[in-house]
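Asker: Just dropping this structure here.
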């Protein structure tokens, strides 16, 4: 695909943006809490649902060959391996009574 758009207000980050990024497809996302936590205020994320603003940004990005795209490197820490390890570590600490630190 040329680019991927997810304008969902309520859906979290989900698998589809990850999959698009893995295939080096430029991704444009609504900046909900999950997207803000994972990606931050990236120029390809939008805090409001204004079609003209999205269209202008996508057109500009298309003309600049998507030089500022969200890359695989931006999401390296969100692999299945890292997520599984962190979850198992949290469960272990909960079961053994060790102090846990929740990272936001």
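Numbering (the working numbering), first residue to last: 401 to 504. Heads up, the beta-carbon is just placed ideally off N, CA and C, and yes, glycines get one too.
Quick one: using the 10 Å Cβ neighbour count with 16 as the cut-off for buried, is residue 407 buried or exposed?
Answerer: That one is exposed.
Asker: Is DSSP giving residue 423 helix, strand or coil here?
Answerer: Three-state DSSP puts residue 423 in coil, outside helix and strand.
Asker: For residue 470, which residues in the same chain have their Cβ closer than 7 Å to its Cβ, ignoring the five residues on either side in sequence?
Answerer: Same-chain partners within the cutoff: 421, 427, 439, 442 and 444.
Asker: For the alpha helix (DSSP H) containing residue 482, list its first residue and its last residue.
Answerer: Unbroken alpha helix (DSSP H) run through residue 482: 480 to 496.
Asker: Compare the beta carbon distance of residue 415 and residue 430 with 7 Å and say whether it is the shorter of the two.
Answerer: Taking 7 Å as the Cβ cut-off, residue 415 and residue 430 do not qualify as a contacting pair.
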